[in-house]
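Student: Structure incoming, see below.
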């Protein structure tokens, strides 16, 4: 599932990158926030499974869209155990220090709310996955740079 989702996002970049095939098309720096120590979080959406899915998705996307072979993807991994205050600081670091251009995660609902507001403020695309489906982000007029790839199970 995560592989297919990541292929979708990489395909999105295909149409937005300069199509000069004779030179490198540059680097897309992606920040990814995942849990890594809590066994319950890791089982569903943690680093061990998701990191492998991301790298495999990139391989599959490059096989299907050869232009992606001209794009360098740099991943900056940040571990967060669904603690909102820590996620805010980590997102600030990813955006202002690491200079990422795209964010994936966090996959937890209590940190996703923080991430959506930070992504909107800095105008950086944020792709939420896992159990972070927030009903609130379906309001397109409020969150223009945030996409959730999982449905909201909040009952709203």
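Residue numbers (mature numbering (1 follows the signal peptide of the UniProt record, and there is no 0)): -18 to -1, 1 to 138.
Yeah, the Cβ is synthetic: ideal placement off N, Cα and C, and Gly gets one too.
Could you check what DSSP says for residue 91 in three-state terms: helix, strand or coil?
Tutor: Reduced to three states, the DSSP call for residue 91 is helix.
Student: Using the Cα positions of residue 11 and residue 96, report the straight-line distance between them to the nearest angstrom.
Tutor: Those two C-alpha atoms are separated by around 21 Å.
Student: Check the DSSP bridge columns for residue 55 and list the partner residues they point to.
Tutor: DSSP, once it has assigned bridges, lists 10 as partnering residue 55.
Student: Quick one: measure Cβ to Cβ for residue 68 and residue 62, integer angstroms, because I've assumed they're closer than 8 Å.
Tutor: Confirmed, Cβ separation roughly 6 Å.
Student: In the DSSP output, what is residue 15 paired with across the bridge?
Tutor: Bridge partners of residue 15: 60.
Student: According to the neighbour-count rule (16 or more other Cβ atoms, all chains shown, within 10 Å of its Cβ), is residue 87 buried or exposed?
Tutor: Residue 87 should be labelled buried.
Student: Over what stretch of residues does the alpha helix (DSSP H) that includes residue 86 continue unbroken?
Tutor: No alpha helix (DSSP H) holds residue 86; the beta strand (DSSP E) holding it covers 84 to 86.
Student: Straight-line CA distance for residue 17 to residue 103?
Tutor: Going by the C-alpha atoms only, they are around 24 Å apart.
Student: Could you tell me the distance, in whole angstroms, from the CA atom of residue 70 to the CA atom of residue 131?
Tutor: Distance between the alpha carbons of residue 70 and residue 131 is about 21 Å.
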